[in-house]
Amino acid sequence: MLAFINEPAVLSIILAVVKSIILVSVAMFHVAYATYFERKAIGHMQVRMGPMRVGPHGILQPVADMIKLFFKEDIIPEKADRTVFYFAPVISFVAAISSLSVIPFYKDWYVANINIGLLFILAMSSLGAYGIVMAGWASNSKYAFLGGLRSSAQVLSYEIAMGLSLVGVMIMAGSLNLREIVEAQNKLPYGMFAIPQILGLFVFLVAAFAETNRAPFDLPEAESELVAGYFAEYSGFRFALFYAGEYIAMIVMASLLTACYFGGWTLPPFILKALPWLGLVPGVVWFVLKVYFFIFFYYWIRATLPRYRYDQLMAIGWKVLIPLSLLNIFITGTLRILKVF
Amino acid sequence: MSNITMRELKEDIRTGLKTKELVLSMGPQHPSTHGVLRLVLELDGETVVKCTPYVGYLHRGTEKLCEHRTYLNALPLSDRLDYIVSMANNVGYVLAVERLFGIEAPPRAKYIRTIVSEMARLSGHLLWIATHALDIGAMTVFLYSFREREWLLDLFEHLCGARLTTSYPRIGGVRNDVTEEFLDSLYEFTEEFPRRIEEYETLIDQNRIWLQRTKGIGVISAEEAINWGLTGPVLRGSGVPYDVRKFAPYDAYPWVDFEVPVGKNGDVYDRYKVRMQEMRQSNRIIKQCIERMPKGPVMAPDAPKFTLPPKEKVMSEMESLIHQFVLITKGPIAAPEGEIYSAIEAPKGELGFYIVSDGTGRPYRLRLRSPSFVHASVLPRLCEGHLVADVIANIGTIDIVLGECDR
Chain A
1 MLAFINEPAV LSIILAVVKS IILVSVAMFH VAYATYFERK AIGHMQVRMG
51 PMRVGPHGIL QPVADMIKLF FKEDIIPEKA DRTVFYFAPV ISFVAAISSL
101 SVIPFYKDWY VANINIGLLF ILAMSSLGAY GIVMAGWASN SKYAFLGGLR
151 SSAQVLSYEI AMGLSLVGVM IMAGSLNLRE IVEAQNKLPY GMFAIPQILG
201 LFVFLVAAFA ETNRAPFDLP EAESELVAGY FAEYSGFRFA LFYAGEYIAM
251 IVMASLLTAC YFGGWTLPPF ILKALPWLGL VPGVVWFVLK VYFFIFFYYW
301 IRATLPRYRY DQLMAIGWKV LIPLSLLNIF ITGTLRILKV F
Chain B
1001 MSNITMRELK EDIRTGLKTK ELVLSMGPQH PSTHGVLRLV LELDGETVVK
1051 CTPYVGYLHR GTEKLCEHRT YLNALPLSDR LDYIVSMANN VGYVLAVERL
1101 FGIEAPPRAK YIRTIVSEMA RLSGHLLWIA THALDIGAMT VFLYSFRERE
1151 WLLDLFEHLC GARLTTSYPR IGGVRNDVTE EFLDSLYEFT EEFPRRIEEY
1201 ETLIDQNRIW LQRTKGIGVI SAEEAINWGL TGPVLRGSGV PYDVRKFAPY
1251 DAYPWVDFEV PVGKNGDVYD RYKVRMQEMR QSNRIIKQCI ERMPKGPVMA
1301 PDAPKFTLPP KEKVMSEMES LIHQFVLITK GPIAAPEGEI YSAIEAPKGE
1351 LGFYIVSDGT GRPYRLRLRS PSFVHASVLP RLCEGHLVAD VIANIGTIDI
1401 VLGECDR
């Protein structure tokens, strides 16, 4: 009766489901502790302790937060557009978490190894903006509405810069498959695209901050201006979905940064040559450490920089980042034709 | 938005699309309107077309309440004006009453009052830089400056038992003398504080985003600033060196050295610079006061009709007990008839007390000239034509406290 399980197609589906479940649970755990770590890290930067009450050094704070968010009343404003209001956080969350499926954490550690991995992530991150715009519209609140408008404009303009900055990587690797991109980097003596693609890296880094609505580009949720921006009217679990979506998007961007510019799970060959015993450490450790570093970098920036103004943000996107990324494509393309690499 | 009715939609289609400004009510409950200020913004996209401030959400009728209290009993009401710097308000009030009665506080009391006014200025400016930076998005400055403010509030507590609503100065002096520990700790603070100011400046002073958000924002020329009746750092940011401490010196200000920092462009950045420099000057004043403070009484001795007798005497002498009783219940009977306007340089600007006396123990009318009220009126001038984010920067830069604005 269970013979159909041995069919290769069925087997691969089961495998994908199991992988997805593992990935989602690991990702959600990371989201919970990313919030804790953010509060701790920023707390210490600001001469305070951060959460200290729940468990030793507040280690159980995410659990308490989660319980609280689960049991909070799910308030829907009377004049809200109910259907859209229900779906907005789901879209935001699903778009973020499905991007995780194509990220190679280690040689064979991925849910889907598709040839257009990079394109898939870009597509998903722009889909996430729909959730924000819809939330802003459906809440029928002016603050949320302004937040949604800001977000749509921001995501639109920074997406172009981000996509263009990744073109350099695509040219160098000759592929859109994230696994092949990582492997292409390992063939270089210094083991990462961060050095030849320094311009692209800069553009990507800035655009990633804007894509994920993080400081200094956190205009859609600017607390001091728009109170909470697009999710001002959300509460309870729907709010948690937005929150989780934002953190997963952050993890996705950090992973993308690691995979496309910093050699993914590999170590630069010259380091391995100098310290061969480092080769014994499984590659996933390097991947995760790199991702943690970039997440920390996000927090670091948040504690340091003031917030940009809406028009300044647009000016940076269109007048600085897009020309820079075009220049990067030109340089990379020229070098490629001249067979420098 | 989504609640446009079908009929309206049809009307729009028939007559052609028309655009309308989005009316956004910002406040009275809003994280960065600094209390309960309400701004009604008419927005064209993100641009503010019209900005109307509404005040009065914190109105407690302070002026009217003063009419029913003796001069002495009205003192605690001044705490609640600008509750961040209550010490400065107290000093302003007692000075006005002293001028009405023609009493002179002894030199030591004058020095102490100067010290506490400057401490109040520091704590007010520290709160200002904390919230102003937080509004613009630089959240780290907030707790750094609160660390120093805490130090000052602890010193206030040491001095008079209260951190916020101090009511420490008295008509004719101050309530009690300062202790040696207080002066030592304060001196230590003045030694340390310039370094701390540098610390805040490292965080934002040269930050490109900070410069972009503050330079050329909320510009007001010197002439306009005078016409709007602006005072304090907001006026000095436009380059007018007007400071009550220099123009009509009171307490110990004529005996200490300090400069009045002025800006040039009259924008948010210059006002920020002026306040940062003012903190350094305040620090200098406090230091000089501690060094030069003479010994002596802290209450005017020759005016038992106006000032409360010392507590020990109340406990031991019949005369003093009677004085205390009469002063508290009836107030000073022999208040001269007349009118007086007396102003001090409060951290926010010129804080004026206009007292009309009809010869009884209570003021016939007490009018407050509060800088926050005047400054709130200039908001439309600063905001219109700019973006929503600039509204926040402008509220921060005029540094208003609604307790004082609504009174």
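From first to last, the protein sequence lines stand for chains A and B.
Note that our numbering gives residue 31 to position 31 of the first sequence, counting from 1, and the numbers run on in steps of one.
Basically our numbering = 1-based index in the second sequence + 1000.
Backbone N, C-alpha and C fix where the C-beta goes; we use that ideal spot for every residue, glycine too.
Quick caveat, the model's predicted, so the values are computed rather than measured.
Whose Cβ in chain E lies nearer than 8 Å to the Cβ of residue i?
i: L1143(B); result: Looking at the structure shown, chain E is missing, and the protein chains on hand are A and B.
Could you tell me the distance, in whole angstroms, from the CA atom of residue i to the CA atom of residue j?
i: G1361(B); j: F1325(B); result: 13 Å
i: L1203(B); j: T304(A); result: 7 Å
i: D65(A); j: V84(A); result: 26 Å
i: E1291(B); j: L1186(B); result: 11 Å
i: L335(A); j: A315(A); result: 29 Å
i: G1061(B); j: Y299(A); result: 46 Å
i: F297(A); j: T1231(B); result: 43 Å
i: P1380(B); j: H1034(B); result: 16 Å
i: P1297(B); j: L1327(B); result: 20 Å
i: S1032(B); j: K68(A); result: 27 Å
i: A27(A); j: F294(A); result: 16 Å
i: S1316(B); j: R1080(B); result: 34 Å
i: E1427(B); j: D1251(B); result: In the structure as shown, chain B begins at 1001 and stops at 1407. Residue 1427(B) is therefore absent and cannot be evaluated.
i: W1255(B); j: A1074(B); result: 30 Å
i: T1179(B); j: L1159(B); result: 8 Å
i: L156(A); j: E246(A); result: 17 Å
i: L267(A); j: K1273(B); result: 48 Å
i: Q154(A); j: Y310(A); result: 9 Å
i: M344(A); j: I1209(B); result: This structure does not reach residue 344(A), given that chain A is present from 1 up to 341, and the question cannot be answered.
i: N140(A); j: D81(A); result: 7 Å
i: F209(A); j: I103(A); result: 19 Å
i: W109(A); j: P323(A); result: 36 Å
i: M1001(B); j: R238(A); result: Residue confidence for M1001(B) is low, a pLDDT of 44 falling below 50, so the modelled location carries little weight; the figure read from the coordinates is stated next. So the two alpha carbons sit approximately 22 Å from each other.
i: F342(A); j: V320(A); result: Because chain A spans 1 through 341 in this model, residue 342(A) falls outside it and cannot be assessed.
i: V291(A); j: I248(A); result: 12 Å
Taking the alpha carbon of residue i as the reference point, which residue from the options has its own alpha carbon closest?
i: Y308(A); options: S1320(B), P1233(B), L1387(B); result: L1387(B)
i: N177(A); options: P306(A), L118(A), I198(A); result: L118(A)
i: K187(A); options: F262(A), W286(A), F294(A), Y299(A); result: F262(A)
i: I301(A); options: A95(A), I42(A), V182(A); result: I42(A)
i: R1149(B); options: I1171(B), F1189(B), F1182(B), P1169(B); result: F1189(B)
i: S92(A); options: E211(A), N6(A), H30(A); result: E211(A)
i: L1183(B); options: L1152(B), H1375(B), V1274(B); result: L1152(B)
i: Q1212(B); options: E1021(B), V1178(B), D1390(B), V1401(B); result: D1390(B)
i: R1120(B); options: A1133(B), E1157(B), K1246(B), T1307(B); result: It should be noted that the sequence gives Ala, not Arg, for residue 1120(B). Closest by alpha carbon: E1157(B).
i: V1055(B); options: F1373(B), T1397(B), E1191(B); result: F1373(B)
i: A1138(B); options: Q46(A), I195(A), E180(A); result: Q46(A)
i: I22(A); options: G264(A), F270(A), I97(A), F209(A); result: I97(A)
i: R1284(B); options: Y1200(B), A1335(B), I1115(B); result: I1115(B)
i: P196(A); options: L226(A), F37(A), T332(A), P8(A); result: T332(A)
i: F145(A); options: G55(A), L226(A), M170(A), V90(A); result: L226(A)
So residue i contacts chain B; which residues on that side make the cut at Cβ distance below 7 Å?
i: M19(A); result: It should be pointed out that residue 19(A) corresponds to Lys in this sequence rather than to Met. In chain order: nothing, as chain B lies at least about 39 Å away.
i: L205(A); result: What L205(A) touches in chain B: nothing, since even the nearest Cβ is about 16 Å away.
i: P216(A); result: G1137, I1209
Show which residues of chain A have a CB atom less than 7 Å away from the CB atom of residue i.
i: E1046(B); result: Y310
i: R1147(B); result: V47
i: E1213(B); result: Before going on, a small fix: residue 1213(B) reads as Arg here, not Glu. Chain A residues near R1213(B): P306, R309.
Please compile the residues from chain B whose C-beta is within a distance smaller than 8 Å of the C-beta of residue i.
i: A303(A); result: M1139, T1140
By the criterion of Cβ-Cβ separation under 9 Å, what are the contact partners of residue i in chain B?
i: K142(A); result: M1001, L1022, V1023, L1024, S1025, L1043
Determine the chain A residues that contact residue i at a beta-carbon separation under 8 Å, and present them in chain order.
i: L1387(B); result: R309, Y310, D311
Thinking residue i and residue j are a contact (beta carbons under 8 Å), I'd like their distance in whole angstroms, please.
i: V1260(B); j: P1241(B); result: 5 Å
i: G1172(B); j: E1098(B); result: 7 Å
i: I1129(B); j: S1145(B); result: 5 Å
i: G1385(B); j: T1047(B); result: 7 Å
i: I132(A); j: G148(A); result: 6 Å
i: A95(A); j: L60(A); result: Contact doesn't hold; Cβ gap of about 30 Å is too wide.
i: L1043(B); j: L1022(B); result: 4 Å
i: D74(A); j: G236(A); result: 4 Å
Practice task
Check distances from the C-beta atoms of the region 307-318 of chain A to those of chain B and list, in chain order, the residues that come in under 8 Å.
Solution key: R307, Y308, R309, Y310, D311, Q312
Handout entry: Against chain A: residues of the region 1030-1042 of chain B by CB proximity under 8 Å
Key = H1030, P1031, S1032
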